[in-house]
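Input: a single structure, listed below in structure tokens.
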Amino acid sequence: MNKTYKYGKYGMVGLSKPMIELYDTIYKVACTDATVLIRGERGTGKELVAKAIHKTSKRSNKPYVIVNCAAIPKDLLESELFGHEKGSFTNAYQRRLGKFETANSGTLFLDEIADLSPELQPKILRAIEYKSFERIGGNEMIHSDVRVIAATSKDLEKLVEEDKFRPELYDRLNVIPIYIPPLRDRKDDIPLLIEYFMKALGSSKKIKGDVLKQFLLYDWPGNVRELKCVVERLVIMSEGDEITLYDVEKYWKKCDYTCDNSTHTNHLEDEMKCMFLPQTIAKIANCKLESILKIGRKKWPEIKYYVSGDGLHLIHIDDAIEFFKATDKPEMAERLRRYREEI
Numbered sequence: 012m013n014k015t016y017k018y019g020k021y022g023m024v025g026l027s028k029p030m031i032e033l034y035d036t037i038y039k040v041a042c043t044d045a046t047v048l049i050r051g052e053r054g055t056g057k058e059l060v061a062k063a064i065h066k067t068s069k070r071s072n073k074p075y076v077i078v079n080c081a082a083i084p085k086d087l088l089e090s091e092l093f094g095h096e097k098g099s100f101t102n103a104y105q106r107r108l109g110k111f112e113t114a115n116s117g118t119l120f121l122d123e124i125a126d127l128s129p130e131l132q133p134k135i136l137r138a139i140e141y142k143s144f145e146r147i148g149g150n151e152m153i154h155s156d157v158r159v160i161a162a163t164s165k166d167l168e169k170l171v172e173e174d175k176f177r178p179e180l181y182d183r184l185n186v187i188p189i190y191i192p193p194l195r196d197r198k199d200d201i202p203l204l205i206e207y208f209m210k211a212l213g214s215s216k217k218i219k220g221d222v223l224k225q226f227l228l229y230d231w232p233g234n235v236r237e238l239k240c241v242v243e244r245l246v247i248m249s250e251g252d253e254i255t256l257y258d259v260e261k262y263w264k265k266c267d268y269t270c271d272n273s274t275h276t277n278h279l280e281d282e283m284k285c286m287f288l289p290q291t292i293a294k295i296a297n298c299k300l301e302s303i304l305k306i307g308r309k310k311w312p313e314i315k316y317y318v319s320g321d322g323l324h325l326i327h328i329d330d331a332i333e334f335f336k337a338t339d340k341p342e343m344a345e346r347l348r349r350y351r352e353e354i
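Have a look at this one:
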């Protein structure tokens, strides 16, 4: 079985070693009814892993129910999970079935499990342990065969030490722990993810190699979700058939470039790639951007900056145009010419 292809259709994309290991774990876990605890930073795709486990399990044709424990007010979450009887509290005009009941024979995904209130935790533990519970205001014991998958981005061990999370519930959830690696630990997958997102957007645009280089230098604290949002923004806002460094600088201001002198050679062609990134250049040259701008606003339209191993230099934009013409890069020369006219 091609696990990469199989799980790829659930939005999980990657051929890096951490992802291959993740696919193998999912494949093993899916064949059982064991409780799973998915761990990972925000934006890593915890819900995708939970869905992949369900869709490849023997429960795949049964209900798959999602509850975000952090999104529902604490005083309403118990009713959401276990349901209530008519008249059990104000505005309870009719019986309502909870998620543990509607997910019978299927899978219940409890996202942000660390946000459960201390009062609700023992009830969740009992429902998992004995597969039974009572609706609010009811006396009947309801039996429900549910497989529980939980997820969190928080440090559950620390919460247990601080008596904010019951150790018994932690042990019951942590039967099969699955850790999703952050994007910074699997940067080899970034080109594949970009291609996947571009296809999902129906875009035929190409991403320049120097743009991809900046993507690979960035640590992506928001992980795959952040990458997806950035790709979508650049696809929508950029003009032409290619996404360039100019687009990155214009539409992705929050990017914290991490390149330094060691990542650049003294070759003029490499140095020219930084021409539209004064923030990056200021960082490389150990200069504040404000000090660069002291050169004067009047000269700013005429000159751009590039960096070589020995520091900050200036280059006239006309010389840059001639350089790219001479190095058989007419598209770059034309882009610079248009830029000169705009400024």
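In our numbering, the protein residues as written are 12 to 354.
Cβ atoms here follow ideal geometry from the backbone N, Cα and C, with glycine treated the same way.
If you follow the beta strand (DSSP E) that residue i is part of, which residue opens it and which one closes it?
i   : result
V47 : 47-50
Which two residues bound the contiguous alpha helix (DSSP H) that contains residue i?
i    : result
L363 : The first residue shown for the chain is 12 and the last is 354, placing residue 363 beyond what the model contains.
P188 : Segment 187-190 is the beta strand (DSSP E) holding P188; no alpha helix (DSSP H) there.
D258 : 256-262
P178 : 178-184
D86  : 85-93
F208 : 201-211
Helix, strand or coil: which one does DSSP assign to residue i?
i    : result
G25  : coil
L108 : strand
R220 : First, the residue type needs correcting, since residue 220 is Gly and not Arg in the sequence shown. Three-state DSSP puts G220 in a helix.
T163 : strand
E130 : coil
Return yes when the C-beta of residue i is under 7 Å from any heavy atom of the ligand SAM, and no when it is not.
i   : result
V47 : The model on display carries no ligand, and the ligand SAM is accordingly not part of it.
What does DSSP give as the partner residues of residue i in its beta bridges?
i    : result
S143 : H154
T118 : Y75, R158
Tell me the rounded alpha-carbon separation between residue i and residue j.
i    : j    : result
P29  : H95  : 43 Å
P178 : D199 : 37 Å
L33  : C240 : 24 Å
L136 : P84  : 20 Å
T113 : A138 : 14 Å
Y21  : S99  : 40 Å
S128 : R70  : 29 Å
V235 : E243 : 12 Å
K165 : V159 : 18 Å
L167 : E345 : 55 Å
I124 : L59  : 16 Å
N150 : D86  : 20 Å
L48  : Y190 : 9 Å
V171 : L131 : 15 Å
L238 : P192 : 15 Å
W263 : N72  : 42 Å
V259 : L227 : 13 Å
V186 : A161 : 11 Å
* Counting pairs of beta carbons, one from the stretch 173-184 and one from the stretch 199-216, are three or more of them closer than 8 Å? -> They do not touch, by the three-pair rule.
* Does the stretch 153-161 come close enough to the stretch 111-125 to have 3 or more Cβ pairs within less than 8 Å? -> Yes: the two stretches touch, three or more of their Cβ pairs being nearer than 8 Å.
* Are the stretch 226-243 and the stretch 36-55 touching by the rule of at least three beta carbon pairs closer than 8 Å? -> Verdict: yes, contact present.
* Any 3 or more C-beta pairs closer than 8 Å across the stretch 92-112 and the stretch 130-150 -> The stretch 92-112, when compared against the stretch 130-150, does touch it at the 8 Å Cβ threshold.
* Inter-stretch contact at 8 Å, needing at least 3 Cβ pairs: the stretch 74-93 / the stretch 35-44 -> With a cut-off of 8 Å, the stretch 35-44 and the stretch 74-93 do not count as touching, because too few Cβ pairs lie within range.
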